[in-house]
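Enquirer:
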Amino acid sequence: MDTTLSDTQRLLRESLRDYLANEVPFDRIRELEREGGADQALWEYLAGAGFLALPFAEAHGGEGGELTDTAVVLEELTRRACIIPFLETTASALAIERHGAEALAEEVVRGVISGAVTIAPALQGSTPANGASPRVESGALTGERRFVDYGADVTHHLVEATEDGEPGLYLVETTAEGVTAESLSTIARTPLAQCTYEGAPARRAGGAEALQFLRRAGRALCAVQCLGNAQQALDMTVEYVGMRVQFGRPIGSFQAVQHHCANMATQTLSARFLVYQSVWRLDQGIASDRQIAKAKALASRAGTEVTMQAHILFGGIGYTEEYDLHFFSRHGKERALAWGSAEECLRVAADTLDEVQPWQ
Amino acid sequence: MEFGWNEELEAFRDEVRAFLDEFDTPALRHELANRGEAAQLGPEQSRLRESLEERGWVRMCWPEELGGEGKSQWFQFVMTEEFAKREIPYGSGFGTMVGPAIHRFGTEAQREKYLPGIWANDITICLGYSEPNAGTDLAALETLAVKDGDDWLINGQKLWTSAADTASHVWLACRTDPDAPKHRGISTFIVPMDTPGISVRPIMTMSGGRTNEVFFEDVRVPSDALIGEVNQGWYIIANALDHERVWIGAGGGLRHIFDRLMAHIREKRPELLEDDVVRRRLVELELDLDVMEGLVLTNASIVAAGDTPTMEASMSKIWTSELRYHISNVAMDLLGHEGALTEEADGFAPLDGELERTYRASPIQRFGGGANEVQRDIIARRGLGLPR
Ligand SMILES: Cc1cc2nc3c(=O)[nH]c(=O)nc-3n(C[C@H](O)[C@H](O)[C@H](O)COP(=O)(O)OP(=O)(O)OC[C@H]3O[C@@H](n4cnc5c(N)ncnc54)[C@H](O)[C@@H]3O)c2cc1C
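As they're listed, the protein sequences go chains U and A.
Start counting the first sequence at 56; every next residue gets the next number (the numbering used here).
Start counting the second sequence at 1052; every next residue gets the next number (the numbering used here).
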């Protein structure tokens, strides 16, 4: 048992933090928000520096690292509000590599590591399907998927679809005939798309196991994003209230302000344990839907409540577009809803209350 | 990062379990159920305690210079956890807090005089810190110790001195320099409770327990009653309080309450589980317990890595103490009027009255051991570095 960062994780975090501080100014994020799309330059850097290879098998050209290493990287990217399909691509390729079609795994993983392949999961989310659920017949995919993160910005979709009534995952090239992705605007201003497939060529990438892994990985890693947003808002707040003077003293010296900060820190650290624990368990193959749902519920709340409390302590300056705080409150809220909101996740845990075992 | 246990610790866990299987007898259970407020151990508990001492398990994680084996703190954690799961106490109350202080700050002669007795529980200790005008602001304490020849002469009053009626010694904080700034004029003493001039008056509390007022009138103690340097007391106290904080933070009992609540609902009130709102509230409690466990393990990880948790220890104290109230409150609420029944309502009370008992006893956890408001100050100032 050890909740502290390993040396590798510390190094990963420091080097990425330095790079992002120098090369990805918040005005770059503003520019991407205006123009739409993902940060291609950053993606190329991550590929070149080996960040994309971390969790994959050495046999496929990966680093064979722990999934928690990848989570540390994801948290750091979140703390800079980076707009890239890192979670989506990593979770998808891992689902194929670990539980999916062997024939596809090497090609997909090598593509991802090189930076050439990016993948967006297109799963049946919690919102009722609009239009036809995707089906596959003789290698052709037809149907619709709403809420595909980065759906218009990636090279591939990994679509949940049925073939002969059996659910599975299907890999579709987004440039192929019959694939369209229409952008949807969200509070995060990050790319989201509604996708339709009309007889698009699709390759089977995995069955029920791969699908289950992808759902779990998406939810656990999205919890990391919630956490990253909360942590960033907390750190910015602590720095700000220590400086901002009113009534002749830093507002951070008022006990009421200190207690808000103490509560924000407690909520963030509480979520941190459960979130990294679920990532670790997923990696070890001992995760449960219930445990991941609980972690995401907690992280969703932290990503919302801590970032909103930050706004109260910042006052007017934090309310402006010019200031950077809104990235984290907007992203924090959107990630709180993605891959299962706190309410949906608590429902999962409530529906499986029978699994609760006495302490022994 | 690792969220599992290595083989060595798993093996040790098995050893502790086997040990407990041997000692967890009906006789021990009977003794524990009837021990009341006594600080002394009964024969079964003493037997268990001696056997623990023989194995060297109680202090195996202490540094070698404090008489331990310097093992990873995880061994202590695993042992505490296994004892907590069975609800069998193994500590000697405040001895686990004062023992290290004597070891660290006492002379060789003092160590020899007190430590074996403390470990064997022949010396039992009550804490003489709080006074009528010194609660959260402990450094305001006024009980005066004046040098008189080779002796010290002590006069004053302590308040809330739990176990003063049963303990053999009091670990006493006194003012030894009234003119110095308040944190720099305090010293710590260890004083036998049967010293002439000490009188104890009971105070009954709403938890049903007893605490005391203790009066000191010209209490004469020899110079070796002083532990550490004169006026070094605040430092020694702060050190010992750190131990107390982690100790209070270990809220294993709350897991048992949740388990018993679930068992009660499953057996006696299954209709509640048909209600989605009830299920949701139960999940929220479970999540609160998960957070508690996470904070405890986070603290333990920091200690095991050789660092000292500051804000993490305070977070754990706040969370656990507030959860003690919250879990009993919500559980009583879910059960409705039967939640109010006490253990005296023979056979009717859910969880044998544990819920209402926990509810009544919950305030002390929040204002005692450093009020939660002060814990939040610590998180903000020591942890996050906010200005005073
Ligand atoms: C049953 C029982 C057993 C006890 N056992 C012992 C014992 O064995 N030995 C011993 O020495 N003591 C013991 N105590 C004393 C205990 O530690 C004190 O009660 C505690 O320190 C609080 O002090 P107080 O009661 O004087 O409350 P006060 O100091 O008056 O505080 C009351 C409240 O004021 C608020 N407050 C105080 N300071 C601040 C601040 N700086 N910022 C914001 N809010 C603040 C908090 O809400 C606090 O809870 C015991 C108490 C009880 C009730």
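All C-beta atoms, glycine included, are put in the ideal place defined by N, C-alpha and C.
If you measure from the CB of TRP414 of chain U, is any heavy atom of ligand 1 nearer than 7 Å?
Expert: Not under cutoff, so the answer is no.
Enquirer: With three or more C-beta pairs closer than 8 Å as the rule, is the region 1162–1182 of chain A touching the region 1317–1327 of chain A?
Expert: Judged by Cβ distances under 8 Å, the region 1317–1327 of chain A makes no contact with the region 1162–1182 of chain A, as fewer than three pairs qualify.
Enquirer: Put ARG1296 of chain A into one of helix, strand or coil per three-state DSSP.
Expert: Only weak support is given to the placement of ARG1296 of chain A: the predicted model assigns it a pLDDT of 46, under 50, and the value that follows is read from those uncertain coordinates. It is helical.
Enquirer: Any idea which residues DSSP pairs ARG259 of chain U with across the strands?
Expert: Its beta-bridge partners are U:TYR225.
Enquirer: Checking the sheet assignment: what are the DSSP bridge partners for LYS1020 of chain A?
Expert: This structure cannot settle anything about residue 1020 of chain A, because the visible part of chain A is limited to 1052 through 1439.
Enquirer: Could you please tell me which residues of the region 301–313 of chain U, in chain order, have their CB closer than 9 Å to any CB of chain A?
Expert: Flagged, chain order: ARG304, PRO305, GLY307, SER308, GLN310, VAL312 and GLN313.
Enquirer: Among A:THR1262, A:PRO1243 and A:MET1244, which one has its Cα closest to the Cα of ARG1252 of chain A?
Expert: Checked all of A:THR1262, A:PRO1243 and A:MET1244; the closest Cα to ARG1252 of chain A is A:THR1262.
Enquirer: Strictly under 8 Å for the Cβ-Cβ distance: is GLY1300 of chain A near chain U by that measure?
Expert: Caution is warranted here: a pLDDT of 43 is assigned to GLY1300 of chain A, below 50, making its placement in the model unreliable, and no coordinate value can be reported.
Enquirer: So THR1131 of chain A contacts chain U; which residues on that side make the cut at Cβ distance below 8 Å?
Expert: The premise fails here: THR1131 of chain A is roughly 13 Å from chain U at the closest Cβ pair, so nothing lies under 8 Å.
Enquirer: Under 8 Å, with one C-beta from each stretch per pair, do the region 325–336 of chain U and the region 387–404 of chain U reach the 3-pair mark?
Expert: Counting Cβ pairs under 8 Å, fewer than three are found: no touch.
Enquirer: Put LYS1233 of chain A into one of helix, strand or coil per three-state DSSP.
Expert: It is helical.
Enquirer: Taking 7 Å as the cut-off, is the C-beta of LEU1305 of chain A nearer than that to any heavy atom in ligand 1?
Expert: Not under cutoff, so the answer is no.
Enquirer: Heavy atom of ligand 1 less than 7 Å from the Cβ of VAL1242 of chain A, yes or no?
Expert: No, Cβ of VAL1242 of chain A sits at least 7 Å from all heavy atoms of ligand 1.
Enquirer: Is it the case that the Cβ atoms of GLY92 of chain U and ASP208 of chain U are separated by a distance below 8 Å?
Expert: Yes; because the gap between Cβ atoms is below 8 Å, this pair is in contact.
Enquirer: At a cut-off of 7 Å, is CYS1225 of chain A close to ligand 1 when judged by its beta-carbon and the heavy atoms of the ligand?
Expert: Checking every heavy atom of ligand 1 against the Cβ of CYS1225 of chain A, none is found closer than 7 Å.
Enquirer: Quick check: the Cα distance between THR63 of chain U and THR123 of chain U, rounded to an integer number of angstroms?
Expert: So the alpha carbons of these two residues sit roughly 11 Å apart.
Enquirer: Would you check if the region 406–414 of chain U and the region 1055–1074 of chain A touch, i.e. whether three or more CB-CB distances between them fall below 8 Å?
Expert: As far as the Cβ criterion goes, the region 1055–1074 of chain A does not touch the region 406–414 of chain U, which means the pair count is below three.
Enquirer: Any beta carbon of chain U sitting closer than 8 Å to that of GLU1295 of chain A?
Expert: Caution is warranted here: a pLDDT of 49 is assigned to GLU1295 of chain A, below 50, making its placement in the model unreliable, and no coordinate value can be reported.
Enquirer: Just the Cα atoms here: how many angstroms apart are SER308 of chain U and TYR205 of chain U?
Expert: Going from the Cα of SER308 of chain U to the Cα of TYR205 of chain U covers about 43 Å.
Enquirer: Measuring from the CB of TYR1180 of chain A, is there a heavy atom of ligand 1 at a distance below 7 Å?
Expert: Under cutoff, so the answer is yes.
Enquirer: State the start and end residues of the unbroken alpha helix (DSSP H) segment that holds LEU401 of chain U.
Expert: Where LEU401 of chain U is concerned, the enclosing alpha helix (DSSP H) stretches over 397–406.
Enquirer: Given a cut-off of 8 Å, decide if TRP1203 of chain A and SER1274 of chain A are closer than it, judged by their beta-carbon atoms.
Expert: Cβ distance < 8 Å, so SER1274 of chain A and TRP1203 of chain A count as in contact.
Enquirer: In the DSSP assignment, find the unbroken beta strand (DSSP E) run with ARG200 of chain U in it and report its ends.
Expert: Here the beta strand (DSSP E) through ARG200 of chain U covers 195–204.
Enquirer: When the Cα atoms are used, what is the spatial distance from GLU1295 of chain A to MET298 of chain U?
Expert: Low confidence applies to GLU1295 of chain A: its pLDDT is 49, below 50, so where it sits in the model is not reliable, and the reading given next is rough at best. For GLU1295 of chain A and MET298 of chain U, the distance between alpha carbons rounds to 34 Å.
Enquirer: Alpha carbon to alpha carbon, how far is PHE141 of chain U from GLU253 of chain U? Give it in angstroms, no decimals.
Expert: The alpha-carbon atoms of GLU253 of chain U and PHE141 of chain U are separated by roughly 27 Å.
Enquirer: Quick one: list the residues of chain A neighbouring LYS349 of chain U, beta-carbon separation under 7 Å, in chain order.
Expert: Ordered by position in chain A, the residues that pass the 7 Å Cβ test against LYS349 of chain U are LEU1338 and ASP1341.
Enquirer: Measure the alpha-carbon distance for ARG1235 of chain A versus ILE372 of chain U and round it to whole angstroms.
Expert: Those two C-alpha atoms are separated by around 44 Å.
Enquirer: Less than 7 Å separating the Cβ of ILE420 of chain U from some heavy atom of ligand 1?
Expert: The question about residue 420 of chain U has no answer here: the residues shown for chain U are numbered 56 through 415.
Enquirer: Against HIS1307 of chain A, what residues of chain U qualify as contacts under a CB-to-CB distance less than 9 Å, listed in chain order?
Expert: Those within 9 Å of HIS1307 of chain A in chain U are PRO413 and TRP414.
Enquirer: Give every residue of the same chain whose Cβ lies closer than 6 Å to the Cβ of GLY1300 of chain A, excluding the five residues on either side of it in the sequence, and list them in chain order.
Expert: Interpretation of GLY1300 of chain A is limited by its pLDDT of 43, a score under 50 that renders its predicted location unreliable; the figure taken from the coordinates is listed afterwards. The residues are SER1367, LYS1368 and THR1371.
Enquirer: Less than 6 Å between C-beta atoms, sequence neighbours within five positions excluded: which residues of the same chain meet that for ASP1228 of chain A?
Expert: Excluding sequence neighbours, ASP1228 of chain A sits near GLY1236 and ASN1282.
Enquirer: Got a sec? Which residues, its chain only, sit under 8 Å from VAL164 of chain U by beta carbon, not counting five neighbours each side?
Expert: PHE111, ALA112, HIS115, GLY116, GLY117, ALA148, ILE151 and GLU152, listed in sequence order.
Enquirer: Using a Cβ-Cβ cut-off of 8 Å, state whether LEU353 of chain U counts as contacting chain A.
Expert: By this cut-off, LEU353 of chain U is an interface position.
Enquirer: Report yes or no: is there a C-beta of chain A within less than 8 Å of the C-beta of VAL56 of chain U?
Expert: What sits at residue 56 of chain U in the sequence shown is Met, not Val. Yes, MET56 of chain U lies at the interface with chain A (some Cβ there is under 8 Å from its Cβ).
Enquirer: Would you identify the three-state DSSP class for LEU1204 of chain A, choosing helix, strand or coil?
Expert: The answer is strand: DSSP assigns LEU1204 of chain A an E or B state.
Enquirer: From which residue to which residue does the alpha helix (DSSP H) around ARG1252 of chain A run?
Expert: ARG1252 of chain A -> not in any alpha helix (DSSP H); beta strand (DSSP E) instead, spanning 1249–1255.
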